[in-house]
Amino acid sequence: PEPPQEPRVTEEQTRAVQLITDLLQTSDSRYSRSRLTGRARLSLPHTVLLSLTLLSERLSYRSLSGRFRVEKGNMHRIFFSFCERVNALREQHIRWPTGQRKGAVGVRSRVGGSLTTHSLSGRIPPERRPEAERSLLPLSDVLARAEGSESPKVFGVLGHTRIAIRLPSSKQETDEEVRGSKKNKREVRADPWLNLQLVCDKHGRFLYCKISRDSERDRAGDLKEALQRDLTVLPAGSFLVAKLGYPLCAQILTPFPPGCSPREEAYNRTLKAHLDTLDRAVAQLKARFRRLQYLDTGSLERAKAVVLTACVLHNVFLGMGDRVEAANVAKESEDEGEGEMDEDGIVKREAIVDMLYRTAELGCN
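Here it is, written out as structure tokens:
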């Protein structure tokens with residue numbers, strides 16, 4: 005058969021294709037190149053370009069079939085083989101920073117009503133600190149100047165987004181089918197959703213990713229248990245921040261609900277500056293990979309594979325120099341109250357509120 009014509013690509017696309025091609029060629033993956041390219045005999049760069057095009061643009065297989073001279077059925081197999089290959093790189097590219105420095109001292113004490121952490125990290129040059137400690141960001145620059153190394157630090161931002169998917173009616177949830185059977189048969193059944201739960205660092209890089217049906221979301225219950233089970237997962241004195249609806253504990257801090265006091269509102273504004281980082285990262289993810297706006301894959305597992313592929317590639321592109329730029333973030337409708345709260349989380353949040361208020365008063369005086 006006549007080989008496919010060279011599709012027209014931009015300089016940025018060429019750079020991305022070369023990066024992903026090199027990544028797949030050097031990766032230690034169980035998926036062979038013959039399976040990735042399929043029966044169409046596309047070169048690996050063409051396979052990567054085809055797959056990135058499908059991810060980045062909301063184009064049908066039919067419209068791309070002519071451009072790449074690949075049959076629709078073959079294109080389908082090539083794309084999902086590509087997703088499987090990228091999914092196999094998950095542990096390399098979506099990972100939790102590790103390594104607390106041995107000998108670091110984390111002592112929690114109540115001093116003047118505030119919660120502080122004493123650590124020797126400030127004496128170590130930043131480039132020699134463990135990866136996890138280099139990921140930290142002061143909760144507040146004002147607090148960092150006032151409290152120094154004892155100021156609270158944010159390890160990452162926890163949150164979620166929803167992705168619409170289309171599945172055959174036979175693959176909808178059972179309770180949805182039961183409800184639907186009681187309605188007019190001509191009524192269109194609502195499409196299901198995937199819930200994508202993420203933790204990102206200060207650069208917008210994903211450190212944690214969990215994909216599930218929207219009905220199965222647990223608001224980070226598993227993550228909370230893991231953080232509390234192994235206290236070395238987070239560097240001493242650090243925590244995650246999350247929006248309302250997530251559990252409040254010593255490892256995860258959340259805002260106060262609307263109608264709070266001025267002191268609590270000041271704390272909320274401080275948290276929002278960090279929460280916006282994840283909003284921008286999610287906006288960048290969906291802007292770069294526009295197929296995530298609506299996934300029609302035929303099965304739940306394939307939909308999850310496409311979402312995970314986009315998350316892995318998001319981190320890969322950040323690694324090659326891209327940065328998460330401010331974007332028009334479409335706010336998803338939220339009507340959340342406070343999630344579960346434990347005593348340690350309540351005490352820690354109140355201590356930080358006091359610390360922020362005291363620092364603000366000193367600044368005014």
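For the sequence shown, the positions run 5 to 369 when our numbering is used.
We put the CB at the ideal spot given by N, CA and C, even for glycine.
* **Under the three-state DSSP convention, the category cysteine 204 falls into** => strand
* **Limits of the unbroken beta strand (DSSP E) element including alanine 168** => 157 to 170
* For the alpha helix (DSSP H) that contains isoleucine 82, what are its first and last residues? -> 76 to 91
* To do: Compare the Cα-Cα distances from valine 21 to each of Pro49, Thr30, Gln29 and report the closest residue.
  => Pro49
* To do: Could you check what DSSP says for glutamate 177 in three-state terms: helix, strand or coil?
  => At glutamate 177 the pLDDT is 48, less than 50, meaning the model places this residue with poor confidence and gives no usable figure here.
* To do: Please name the residue, chosen from Phe159, Gln96, Leu289, Tyr361, that lies closest to glutamate 61 on a Cα-to-Cα basis.
  => Leu289
* To do: Below 8 Å on the Cβ atoms is my guess for glycine 163 versus leucine 198; work out the distance and round it to an integer in Å.
  => About 15 Å; that fails the 8 Å criterion.
* alanine 307 versus methionine 324 - alpha carbon distance -> 26 Å
* By the 10 Å Cβ neighbour count, where 16 or more other Cβ atoms means buried, how is glutamine 297 classified, buried or exposed? -> exposed
* To do: Verify whether the separation of the beta carbon atoms of isoleucine 215 and proline 196 is less than 8 Å.
  => no
* Expected contact under 8 Å - CB spacing of leucine 304 and leucine 171 to nearest Å -> 6 Å
* **Terminal residues of the alpha helix (DSSP H) in which arginine 273 lies** => 266 to 292
* **leucine 360 vs leucine 147 beta-carbon contact at 8 Å** => yes
* Can the beta-carbon of serine 139 be found less than 8 Å from the beta-carbon of aspartate 205? -> yes
* Does DSSP put leucine 211 in a helix, a strand or coil? -> strand
* Is proline 142 helix, strand or coil by DSSP? -> strand
* **Test item: CB-CB of phenylalanine 293 and alanine 314 under 8 Å** => yes
* Asked: By a C-beta neighbour count over all protein chains shown, 10 Å radius and 16 as the cutoff for buried, is glutamate 229 buried or exposed?
  -> exposed
* C-alpha distance - threonine 258 paired with threonine 281, whole-angstrom precision -> 15 Å
* Does the distance from the C-beta atom of leucine 244 to that of isoleucine 256 stay below 8 Å? -> yes
* To do: May I ask you to report which of helix, strand or coil DSSP gives alanine 246?
  => strand
* Counting along the chain, where does the alpha helix (DSSP H) carrying arginine 66 start and finish? -> 65 to 72
* Asked: Nearest-angstrom Cα distance between leucine 28 and valine 90?
  -> 8 Å
* **Coil, strand or helix - arginine 217 by DSSP** => strand
* C-alpha distance - glutamate 135 paired with glutamate 340, whole-angstrom precision -> 34 Å
* To do: Compute the distance between the beta-carbons of aspartate 348 and alanine 254, then report whether it is under 8 Å.
  => yes
* To do: Would you decide whether lysine 157 is buried or exposed? Buried here means 16 or more other CB atoms lie within 10 Å of its CB.
  => buried
* Residue range of the alpha helix (DSSP H) that includes aspartate 26 -> 15 to 30
* **Simplified DSSP assignment, three categories, for methionine 324** => coil
* **Between the CA atoms of proline 239 and leucine 54 - distance to the nearest angstrom** => 42 Å
* **Nearest-angstrom Cβ-Cβ length linking leucine 23 and valine 316, presumed shorter than 8 Å** => Going by Cβ atoms, the distance from leucine 23 to valine 316 rounds to 12 Å, so no, they are not a contact pair.
* Asked: If you draw a straight line from the alpha carbon of arginine 19 to that of phenylalanine 72, how long is it in whole angstroms?
  -> 19 Å
* Asked: Could you check where the alpha helix (DSSP H) with aspartate 226 kicks off and where it finishes?
  -> 225 to 233
* Asked: What separation, rounded to the nearest whole angstrom, lies between the Cα atoms of serine 67 and phenylalanine 210?
  -> 32 Å
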